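Novice: Okay, here's the structure, questions in a sec.
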Amino acid sequence: MKVLVAIKRVIDHNVRVRIREDHSDVDLTHAKMAMNPFCEIALEEAVRLKEQGIADEVVAVSIGDKSVQEQLRTALALGADRALHVSSDTAVDSLGAARVLAEVVRRETPGLVLLGKQSIDSDNSQTGPMLAALTQMPQATFASSISIEGDRLEVTREIDGGLETLAMSLPAVVTTDLRLNEPRYAKLPAIMKAKKRPIESLEIDTLGIDVTPRQTLLRVEIPRERQAGVRVDSVDELIDRLKNEAKVI
Amino acid sequence: MSDTRILVIAEQEKGHLSSATARVLDAASQLGGSIDVLVAGSQASEAAQQAARLTGVSGVISVEDSAFDHMLAENVSALITSLAEPYTHLLCASTTSGRNVMPRVAALLGVGQISDVIAIESADTFVRPIYAGSVLATVRSLDVKKVITIRPTAFEPVGEQSAASVSSADSTGDQGMVTFVEEQLANGERPELGGARVIISGGRGLGSAENFRLIEGVADRLGAAVGASRAAVDAGYVPNDLQVGQTGKMVAPELYIAAGISGAVQHLAGMKDSKVIVAINSDEEAPIFQVADYGLVADLFQALPELERKL
Ligand SMILES: Cc1cc2nc3c(=O)[nH]c(=O)nc-3n(C[C@H](O)[C@H](O)[C@H](O)COP(=O)(O)OP(=O)(O)OC[C@H]3O[C@@H](n4cnc5c(N)ncnc54)[C@H](O)[C@@H]3O)c2cc1C
Ligand SMILES: Nc1ncnc2c1ncn2[C@@H]1O[C@H](COP(=O)(O)O)[C@@H](O)[C@H]1O
Numbered sequence: 000m001k002v003l004v005a006i007k008r009v010i011d012h013n014v015r016v017r018i019r020e021d022h023s024d025v026d027l028t029h030a031k032m033a034m035n036p037f038c039e040i041a042l043e044e045a046v047r048l049k050e051q052g053i054a055d056e057v058v059a060v061s062i063g064d065k066s067v068q069e070q071l072r073t074a075l076a077l078g079a080d081r082a083l084h085v086s087s088d089t090a091v092d093s094l095g096a097a098r099v100l101a102e103v104v105r106r107e108t109p110g111l112v113l114l115g116k117q118s119i120d121s122d123n124s125q126t127g128p129m130l131a132a133l134t135q136m137p138q139a140t141f142a143s144s145i146s147i148e149g150d151r152l153e154v155t156r157e158i159d160g161g162l163e164t165l166a167m168s169l170p171a172v173v174t175t176d177l178r179l180n181e182p183r184y185a186k187l188p189a190i191m192k193a194k195k196r197p198i199e200s201l202e203i204d205t206l207g208i209d210v211t212p213r214q215t216l217l218r219v220e221i222p223r224e225r226q227a228g229v230r231v232d233s234v235d236e237l238i239d240r241l242k243n244e245a246k247v248i
Numbered sequence: 000m001s002d003t004r005i006l007v008i009a010e011q012e013k014g015h016l017s018s019a020t021a022r023v024l025d026a027a028s029q030l031g032g033s034i035d036v037l038v039a040g041s042q043a044s045e046a047a048q049q050a051a052r053l054t055g056v057s058g059v060i061s062v063e064d065s066a067f068d069h070m071l072a073e074n075v076s077a078l079i080t081s082l083a084e085p086y087t088h089l090l091c092a093s094t095t096s097g098r099n100v101m102p103r104v105a106a107l108l109g110v111g112q113i114s115d116v117i118a119i120e121s122a123d124t125f126v127r128p129i130y131a132g133s134v135l136a137t138v139r140s141l142d143v144k145k146v147i148t149i150r151p152t153a154f155e156p157v158g159e160q161s162a163a164s165v166s167s168a169d170s171t172g173d174q175g176m177v178t179f180v181e182e183q184l185a186n187g188e189r190p191e192l193g194g195a196r197v198i199i200s201g202g203r204g205l206g207s208a209e210n211f212r213l214i215e216g217v218a219d220r221l222g223a224a225v226g227a228s229r230a231a232v233d234a235g236y237v238p239n240d241l242q243v244g245q246t247g248k249m250v251a252p253e254l255y256i257a258a259g260i261s262g263a264v265q266h267l268a269g270m271k272d273s274k275v276i277v278a279i280n281s282d283e284e285a286p287i288f289q290v291a292d293y294g295l296v297a298d299l300f301q302a303l304p305e306l307e308r309k310l
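Pasting the structure below:
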């Protein structure tokens, strides 16, 4: 079985985001970039499926400008067999990404597609279900555990009330939650080797897909910061203030 | 905006309408136009009666079929798209169900989706947090049909009215793509995080699942819901549904008490809209103090039992 993993390049999750002076967009110049944490988990799961003999090929795909090749190299170093770069000078939104991925699915016919449950930049959480819709595949979002037997997939999902388990047959689309696994680190020799490996490339314009963004960004703002309040010296003072000052208990 | 027609997709369980519905209706009413509500699943007609009494609702569509239980995305999205034609806006709460179903609906309709809206500027312009809430983006949708998820805590629940009419629609049935196997739901002795007036959350500082009893003890005194940081959930102190933050629940109670939580941006993303925040932490440099209205630098193993005793 072939597993396709969608990898997005985003700002590193430890970096504090800045916005442009004219409020037109966030300012990512010189910001440290990384693989979306949920994509790391998706890739790790694919590699583990291969190690268990369930998958025989792991293909990493990323849509974006040339810089996303950095994350594709990381994917190769972490155990992906092939890397596919769908090159696009402008960023695609979730529907655009899903449409491109649907075309990649048509060409590659994977048994399983793994995506992150959300990008930590847009916080959209859309691409997985959109891809499932476009390819008429069943979907399991927010997965915290996966088991595959033959062409039957069972996924436990993290939902608001607790956990839910669904069964479906492959091919299917799964999006990963934080507790699915703990991704490994790439080893130095693998990183060195990945530098020399080929990255397959596809021009987005040649796919005949409409990826025009569906929204225009009018303005960004930094939300009003909360002011730090007071330090209380004791539990007694805390209770007193909550009762008599804030009046919340 | 008389040509605005909104369909709100409500969640229900065993005939009980989800409490988020009244808040999504607040957002819907700010769009202007007429509002219908869709309720689907076993016992949908009971929940439909509840929806009909919420202010602003013009009509309720009830589809009673167990295929829509657990909000299975494949089945529910087929139903929504079969009804979508006359509507300009499709709205659902940004719960795990809404975030599972609505992107599938959007893609089937060939439109984008706007996630986790916290303010409505006009019928096509919305405010939503990005980058774990560190930035607020104002976006204009270019689609003819707008598929939107609403963050319930950013809106107020609407009141009651005399009941609107309830009609039924044909079920699109089970698409035969997924089967529900089982669920493990938290037992509901405590208030639900989403709607709680007071929340007390614990983090890695609690050190173990047993120690989480200290949090529960205070929660019992306050009638509070219990929450947790990701670190506490990952370490297995508490189940996943208690996680507050960017990738957990978004909460905005009157009072939020964080004990043994450092205050990472991903945690703050889920609770910084609370009215009053209390932080209890032994490290006076902990970032949580920067957002706390009341900060107590203390060892939680002393402070929490004392709090429980004195409340
Ligand atoms: C993509 C992504 C998504 C994430 N999503 C979330 C999310 O949704 N929610 C979330 O919470 N996190 C999330 N995180 C994790 C987040 O970055 C932090 O790692 C996490 O919030 C830390 O949890 P914590 O504060 O409990 O632990 P720590 O940061 O380890 O803090 C523990 C605190 O306890 C205090 N302490 C220790 N002992 C005592 C004592 N005896 N008395 C008093 N205080 C004590 C310490 O001083 C410290 O401040 C996410 C991270 C990533 C990368
Ligand atoms: N440009 C992209 N290239 C590759 N994968 C993407 C891209 N955008 C989104 N994805 C995938 O979709 C997931 C969820 O993204 P989103 O729906 O934008 O929150 C990500 O974790 C990726 O797996």
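These protein sequence lines map, in sequence, to chains A and B.
To convert, note that position 84 of the first sequence is 83 in numbering that gives the first Met the number 0; the numbers rise steadily by one, no gaps.
To convert, note that position 218 of the second sequence is 217 in numbering that gives the first Met the number 0; the numbers rise steadily by one, no gaps.
Idealized CB from N, CA, C, for every residue including glycine.
Since the structure is predicted, the reported quantities are computational estimates derived from the model, not experimental observations.
Residue 165 of chain B and residue 19 of chain B - do their beta-carbons sit closer together than 7 Å?
Specialist: no
Novice: With DSSP collapsed to three states, give me the class of residue 242 of chain A.
Specialist: Assigned with DSSP and collapsed to three states, residue 242 of chain A falls in helix.
Novice: So for residue 154 of chain B, helix, strand or coil by DSSP?
Specialist: coil
Novice: Using a Cβ-based criterion (distance less than 6 Å to any ligand heavy atom), does residue 154 of chain B qualify as near ligand 2?
Specialist: no
Novice: Do you know whose CA, among B:259, B:214, B:255, lies nearest residue 230 of chain B's CA?
Specialist: B:259
Novice: Measuring only the C-alpha atoms, how far is residue 86 of chain B from residue 66 of chain A?
Specialist: 41 Å
Novice: With distances taken between CB atoms, is the gap from residue 303 of chain A to residue 170 of chain A smaller than 7 Å?
Specialist: As displayed, chain A neither begins before 0 nor continues past 248, which places residue 303 of chain A out of reach and without an answer.
Novice: So, does the CB of residue 100 of chain A fall closer than 7 Å to a CB anywhere in chain B?
Specialist: Not an interface residue.
Novice: What residues from the stretch 126-144 of chain B come within 9 Å of chain A, judged by C-beta to C-beta, listed N to C?
Specialist: 126, 127, 128, 129, 130, 131, 132, 133, 134, 135, 136, 137, 138, 139, 140, 141, 142
Novice: If we cut at 7 Å on Cβ distances, does residue 159 of chain A have a partner in chain B?
Specialist: Closer than 7 Å to some Cβ of chain B, the Cβ of residue 159 of chain A qualifies, so yes.
Novice: Per DSSP, what kind of secondary structure is residue 44 of chain B in: helix, strand or coil?
Specialist: helix
Novice: Could you check where the alpha helix (DSSP H) with residue 95 of chain B kicks off and where it finishes?
Specialist: 95-108
Novice: Which chain A residues sit within Cβ distance under 8 Å of residue 294 of chain B?
Specialist: 227, 228, 229, 230, 231
Novice: If you measure beta-carbon to beta-carbon, which residues of the stretch 118-132 of chain A are closer than 7 Å to chain B?
Specialist: 119, 120, 121, 122, 123, 124, 125, 128, 129, 131, 132
Novice: Does the count of Cβ pairs from the stretch 168-178 of chain B and the stretch 56-73 of chain B closer than 8 Å reach three?
Specialist: yes
Novice: In chain order, what residues of the same chain lie with their CB nearer than 7 Å to the CB of residue 0 of chain B, ignoring the 5 residues before and after it?
Specialist: Low per-residue confidence applies at residue 0 of chain B: pLDDT is 45, beneath 50, and the placement is therefore not dependable, though the value from the model is reported in the following sentence. Cβ within range, chain order: 31, 32, 122.
Novice: May I ask whether a heavy atom of ligand 2 can be found less than 6 Å away from the beta carbon of residue 125 of chain A?
Specialist: yes
Novice: Contact between the stretch 95-112 of chain B and the stretch 28-47 of chain B: three or more CB pairs below 8 Å?
Specialist: no
Novice: Below 6 Å CB to CB, which residues in the same chain sit around residue 79 of chain A once its five sequence neighbours on both sides are set aside?
Specialist: 57, 59
Novice: Here's the rule I'm using: 16 or more other beta-carbon atoms within 10 Å means buried, otherwise exposed. How should residue 8 of chain B be labelled?
Specialist: Residue 8 of chain B comes out buried.
Novice: May I have the straight-line CA-CA distance separating residue 270 of chain B from residue 143 of chain B, to the nearest angstrom?
Specialist: For residue 270 of chain B and residue 143 of chain B, the distance between alpha carbons rounds to 34 Å.
Novice: To which residues of the same chain is residue 237 of chain A closer than 6 Å at the C-beta, ignoring the five residues directly before and after it?
Specialist: 231
Novice: When the cut-off is 7 Å and only beta carbons count, does residue 152 of chain B lie next to chain A?
Specialist: No, no contact with chain A.
Novice: Curious, which full-length beta strand (DSSP E) runs of at least 3 residues does the stretch 13-70 of chain A contain?
Specialist: Secondary structure remark: continuous beta strand (DSSP E) runs of at least 3 residues inside the stretch 13-70 of chain A, in chain order: 32-34, 56-63.
Novice: Just checking: is the beta-carbon of residue 54 of chain A within a distance shorter than 7 Å of some beta-carbon in chain D?
Specialist: The structure shown contains no chain D; its protein chains are A and B.
Novice: Heavy atom of ligand 1 less than 6 Å from the Cβ of residue 306 of chain B, yes or no?
Specialist: no
Novice: Once DSSP output is grouped into helix, strand and coil, what is the label at residue 0 of chain B?
Specialist: Any reading at residue 0 of chain B must be qualified, since the residue scores a pLDDT of 45, below 50, and its modelled position is unreliable; no value is offered.
Novice: Thinking C-beta only, is residue 273 of chain B closer than 7 Å to residue 251 of chain B?
Specialist: yes
Novice: Starting from residue 215 of chain B, trace the beta strand (DSSP E) both ways and give me its first and last residue.
Specialist: Segment 212-221 is the alpha helix (DSSP H) holding residue 215 of chain B; no beta strand (DSSP E) there.
Novice: Count the C-beta pairs between the stretch 131-143 of chain A and the stretch 15-33 of chain A that are closer than 8 Å, then say yes if the count reaches three, no if not.
Specialist: no
Novice: So is residue 208 of chain B buried or exposed if we call it buried at 16+ other beta carbons inside 10 Å?
Specialist: By the neighbour-count criterion, in which 16 or more other beta carbons inside 10 Å mark a residue as buried, residue 208 of chain B falls on the exposed side.
Novice: From the beta carbon of residue 218 of chain A, is the nearest beta carbon of chain B less than 7 Å away?
Specialist: Judged by the 7 Å Cβ criterion, residue 218 of chain A is in contact with chain B.
Novice: For the alpha helix (DSSP H) containing residue 187 of chain A, name the first residue and the last one.
Specialist: Residues 187-195.
Novice: Residue 225 of chain B to residue 75 of chain B, Cα distance in whole Å?
Specialist: 31 Å
Novice: Is the beta carbon of residue 291 of chain B closer than 7 Å to that of residue 278 of chain B?
Specialist: yes
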